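Chains as they are written, first to last, in the numbering used here: chain L, 1 to 280; chain W, 1001 to 1300; chain B, 2001 to 2471. The beta carbon of each residue, even a glycine, is placed where N, CA and C say it ideally should be. Bear in mind the structure is a predicted one, so any value in this text is a computation, not a measurement. Accompanying notes for the structure given below.
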Amino acid sequence: MKRSHIKWTPSNTILFIFLFLFGLIWIYPFVWMISASLKTNLEIILSGLNLVPKSPSFDAYKRAWVEARFNTYFLNSILTSAGSILVVVIRCSLAGYVLAMYNFKGKKLITSIMLITFFVPVGTTLIPIVDLSNKLHLLNTRVGLILALSAGGHVSSVLLYRGFFGQTPKSLMEAGIIDGASFIQIFGKIMLPLAGPVTATTIIMTFMSSWNAFMQPLVFTFSNPNLRTLPVGMMAFSKGDTIDYGGQCAAAVLSVTPIAIAYIFAQQYFVNGIAGAVKS
Amino acid sequence: MKQKRARTPYFWIYLFLLPTLVGYSMYTLWPIIRTVQFSLTSMRGFGSKVRFVGLSNYVQLFQDELFINSLLVTLKFMLLVVPARFLISLLFALALNWKKCQSKTLLRTFFFLPVLTTSAIIGVVFILILDPTFGPISVILSKLGYVDLARIPLLGNRSTVLATAGAIWVWKWMGNSLIYWLASLQSIPDELYEAAKIDGANSLQSFRYVAAPLLVPFAFIILVLSISDAIRVFNLMLTLTNGGPYFATETVELFIYRHAFQATTQRMGYASAAASVFAMFFSVIIILQSVVKRFVKKEV
Amino acid sequence: MKKALVLISLVALVCSVAFAQAAAEAQQKGPVTLTWWDQYSNQAGTHQAIFDAFEAETGNKVEMQNYSSSAAKDAFDLAIRSNQSPDIMSNPWKTNGIAAKYYEGALGALTVKASDLPEYIQKELYEGYTMFDGEVYSFPTKASNHSVLFWYDTDKLSADQVPGTLAELRELFKSLTDPANNQYGIALPMSDTGRMNDNICYLISAAGGNRELNPLTGYYEYDNDISKAVMQWFIDIYQDGSVHPASLTLATRTVRERFIAGEAAFAIDGVWYPGSIKKAFGADVLYRLGVHSTPVLTAGTQAKVGAHPVSGTFYLSSTCKDPEVATDLLLKLLDDSYAIRIANDMDQPPLNTSAIAKADVVPVYVEACEIMEDEIVYMPEALLRNANIAEVYAEKVDIKPNLGDILVGYLTGAITDWEAAVSDYNAKMNAELDRAIDAVKKSGVKVDHSDFVFPNFVPGESYTRDMYEAL
């Protein structure tokens, strides 16, 4: 984004103040969360509106990170998301590519089945997926969870790749054929690099969905708490046998911070990635 | 074209399709079929004895007041939050899209922060923030002298809980729609606005006559995405209210989850019937939506 | 030629490595690592100490995993069904749910005979709970208990101020309530309607009704006067404004927070209250806990709360790696030192109640244990008479809304006629019982509704083992 200097005028100052006040409402829960994470449990209840803790302590972070095992949950969330992204990018780019470039038997059928099932809710398929994973001995495993999050669905990513490859000039492919490049080389060395923006979109979309995924990780980790992801860990922490508001808030801060930092540095990718969903 | 077909590399095509075909069949198509199958049985939990019971789960389902309730709750929630998310995000997008707007990036970051935060965390934190005794809202109200008002548990009161959960949902997802709108607005070439300006249109008119018609297709996509998000609200409700008080926020997905996993006696067959009906309900809404879309397109 | 030589030597190498490894593995079959899942996080330290001692003595390791009591059932069920059970697990199912697990094939027998167990344990072993087909599957380490002890804040009132009847208690709550200063009579876990349902049923039992089935008829009687009076009491105290307003979003654990913050003078919780408070808020607030016998409807009557005979605390899974080692480990739990340790944790009291006196506990915990000993009576249990009843329990589905739901539904305006809702619930519960019995009967299993009828039951008195035999 261009960092052009915009002059302050009365009208844009008023708008800015208005928007900024709304912005404060938007981030107030985060401020409250940070403040609570530095207080003791009783102070959270008794301190009213005061956001500044009496004697700030990072104890809650230690409790959340070590005792409540958010270190494990965090790693799990990252591994699960990374795995899902890998699977989705590979399978959707491959499928989108051939769906865009070639005519073959079954193409229409595949496309229309995907379109019909575009919006199948998780709740509808969850029980059979757990049943299937159980039979394949994939329940309570990370691979099983990653597959449950990435192997089905994600129709929009297939369509995004199909749309993109459909618009790339065929001459590029033909030039590759003339140069003697194999099918895989054309895809891997010429076409996929071209699709960088779509891949970025897919990565962000898959990341957002798997990072926020809840129902599948919840059920997949019922009997293997070592695989809990952040959202599931958060619920377990809040519904556990002991009450620790400060620890919960610290856990929340710990879970949000890295993503917020990632967002600030890769803002453009996030924005384009999310916007890509509309553009498709 | 015909020459090419002779050289169609079928082996590679199907190899490339294989991961998606296998994954999609196993994790989307087969589960849909199985859900319908399960819904015709007395299945309790995984690995339990299964009896074929025909349509009796469905019959029972439509006599189950709590299932009807969950459909209504889902529908009400959708009608409550989708327009709010749609309009609020549009307003903010228009403001942020204004050339003279200051600190766009900072403001966008503020609005986007909740989108990055998982619903489970939001649910847990908002229970604390909305607490009727120590929560900031309650403290402010009671400091202003409205003790009775302050002590109303927003999440424990039937008349406020859905709206409260809705507000939190809109708060969380607004930033997402905001980005959709900004992208859509940016796809409108500046020349069009300038042309309108030359013609003497004010900003309201240029929105009405220049931007609005071009935004219609985007608006539909944004609407569909919001609707599908709203109908599938699960994480937030589970952590925020667990469907309570008295099923006032029990959406269909929570109903399914309760019968399949939470109940003392699990009822997967029954839950599967609910899941099948839910999928139908969901498709009806999406289809209705696209019918409306076609209708509007003709009008425009 | 050279290639062949290389190939042969390679094959030989691989074979010898594989052989060596197999040999090493065979030798390793000494110490094992057992996995242990339970829902007693208050006692994690106690258990860990036992595991450490066990490892030092035998070389066998134990890996412990704590679940919250709400998550344990789901977790264990799913693990059983996906063949990933731990070697040893606690029993998060309702007391009479363990038999269903046995019939599912989830449990494994201990390698010990009933006659080898101490006397006080032997008399608590029941076929259908801890014994199946004459084999010992588990034994109780903890005494039976109920969860409707009334705890009060001694900073706010003294023991002699706490009355014995519900009506008087209601008045006391009123006098303790002052919304402007965040003061309320009681905080209730109303977001957890399952727990509220239990609380209501326990109080019904204390008031002279039945927590579950009436053993004389074999049917539920939630629509009688006693039950309705208890429901009415909850409604009254709520409408008086004596119930903490956050209650609708509180669960049992979060109620404790309000109590310690001084916002609620009373809380209903189990005997483990001091243990949980100590763990969450430290020992210095324990002095504030007072406990009182369960309030009743009619002045002068003694509360008698119906409970099941105790079932086992820990069970082996059918996939247990080494039942002998696991049994040895469980037998360590019979040591006096273990009973004293559980008492120290101030959780559910040990079955060996004599240990409480030797333990380092606050007086209020001892008092709570004594109250329970006075109040608890064993109810007859159909499962202990006919083990096939396990199938009826597995067939029976939850009826919603339950009493807890109805209470919340009425108080939040979703239900206008709660008495009708209670009658409806009662009718549905009975219909579901009949349906489940019929369904099981049809599948050829011998069960009958008469299994639930105990003509020799005397209300308010414990149903003893010899009474089953007298049937």
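Is it buried or exposed for residue i, if we count other Cβ within 10 angstroms and need 16 for buried?
i         : result
GLN2027/B : Legend: pLDDT at GLN2027/B = 48, less than 50; position of this residue unreliable, value from coordinates given subsequently. Counting Cβ neighbours within 10 Å, GLN2027/B comes out exposed, since fewer than 16 surround it.
SER99/L   : Going by the sequence as given, residue 99/L is Leu instead of Ser. Its Cβ being crowded by 16 or more others within 10 Å, LEU99/L is buried.
GLY2300/B : exposed
ALA2022/B : Confidence in ALA2022/B is poor, its pLDDT being 47 and thus under 50, which makes the residue's placement unreliable; the coordinate value appears in the next sentence. By the neighbour-count rule (16 or more Cβ atoms within 10 Å), ALA2022/B is not buried but exposed.
PRO2092/B : buried
MET191/L  : buried
GLU2269/B : The residue asked about is misnamed: residue 2269/B is Asp in this sequence, not Glu. Buried, by the Cβ-count rule.
THR257/L  : exposed
ALA2339/B : buried
HIS137/L  : exposed
VAL1301/W : Given that chain W is displayed from residue 1001 to residue 1300, the structure contains no residue 1301/W and the question cannot be resolved.
SER2354/B : exposed
Just to confirm before moving on: does the CB-CB distance between residue i and residue j stay below 8 Å?
i         : j         : result
TYR1270/W : HIS1259/W : yes
THR2046/B : ASP2087/B : no
ALA2206/B : LYS2304/B : yes
SER1119/W : ASN1242/W : no
ALA200/L  : TYR269/L  : yes
LEU126/L  : MET215/L  : yes
ARG1303/W : PRO121/L  : Absent from the model: residue 1303/W. The displayed extent of chain W is 1001 to 1300, so no value can be given.
TYR1010/W : PHE165/L  : no
SER2311/B : TYR2129/B : yes
VAL2296/B : THR2165/B : yes
ASN212/L  : PRO231/L  : yes
GLU2395/B : ALA2439/B : yes
GLY2306/B : MET2379/B : yes
Would a check of beta-carbon distances place residue i closer than 8 Å to chain B?
i         : result
ASN50/L   : no
ARG1195/W : Note on identity: in this sequence residue 1195/W is Ala, with Arg being the wrong assignment. For ALA1195/W, the answer is no, since every Cβ of chain B falls outside 8 Å of its Cβ.
PHE70/L   : no
ASN76/L   : no
TYR1246/W : yes
THR1264/W : yes
Where do the N-terminal and C-terminal ends of the alpha helix (DSSP H) with residue i fall, by residue?
i         : result
ASN41/L   : 41–46
TRP1012/W : 1010–1024
ILE2399/B : Taken as a continuous stretch (DSSP letters only), ILE2399/B belongs to no alpha helix (DSSP H), as it is neither H nor E.
SER2090/B : No alpha helix (DSSP H) contains SER2090/B, which is instead part of the beta strand (DSSP E) from 2088–2090.
ILE127/L  : 122–135
SER1138/W : 1136–1143
Starting from residue i and walking both ways along the beta strand (DSSP E), at which residues does that stretch end?
i         : result
GLU2063/B : 2061–2066
ALA2264/B : 2264–2269
ASP2077/B : Not the beta strand (DSSP E): ASP2077/B falls in the alpha helix (DSSP H), residues 2069–2081.
GLY2306/B : 2305–2307
TYR2315/B : 2314–2317
Do we get a CB-CB distance below 8 Å when we pair residue i with the residues of chain W?
i         : result
GLN185/L  : no
VAL89/L   : no
PHE214/L  : yes
TRP26/L   : yes
THR168/L  : no
GLY2413/B : yes
Shorter than 8 Å from the beta carbon of residue i to some beta carbon of chain L?
i         : result
ALA2075/B : yes
GLU1253/W : yes
ARG2435/B : no
SER2247/B : no
ALA2071/B : yes
GLN2043/B : no
ALA2079/B : yes
ALA1120/W : yes
Could you work out which residues of chain D lie near residue i, taking near to mean beta carbons separated by less than 9 Å?
i        : result
VAL198/L : No chain D is part of this structure, whose protein chains are labelled L, W and B.
Of the residues that make up the region 2255–2281 of chain B, which ones have a beta carbon closer than 9 Å to any beta carbon in chain W? Along the region 2255–2281 of chain B, the positions whose C-beta sits under 9 Å from a C-beta of chain W are ARG2258, ALA2261 and GLU2263, read in chain order.
Selection of the region 2175–2186 of chain B by Cβ proximity to chain W, strictly under 8 Å: Listed by position, the residues of the region 2175–2186 of chain B near chain W (Cβ gap below 8 Å) are PRO2179, ALA2180 and ASN2182.
Positions along the region 36–49 of chain L whose CB lies within less than 8 Å of some CB in chain B: Answer set for the region 36–49 of chain L: ASN41, LEU42, ILE45 and LEU46.
With 7 Å as the limit, tell me which residues of the region 132–147 of chain L have their beta carbon closer than that to any beta carbon of chain B; keep them in chain order. Per Cβ criterion, the list reads ASN134, LEU139 and ASN140.
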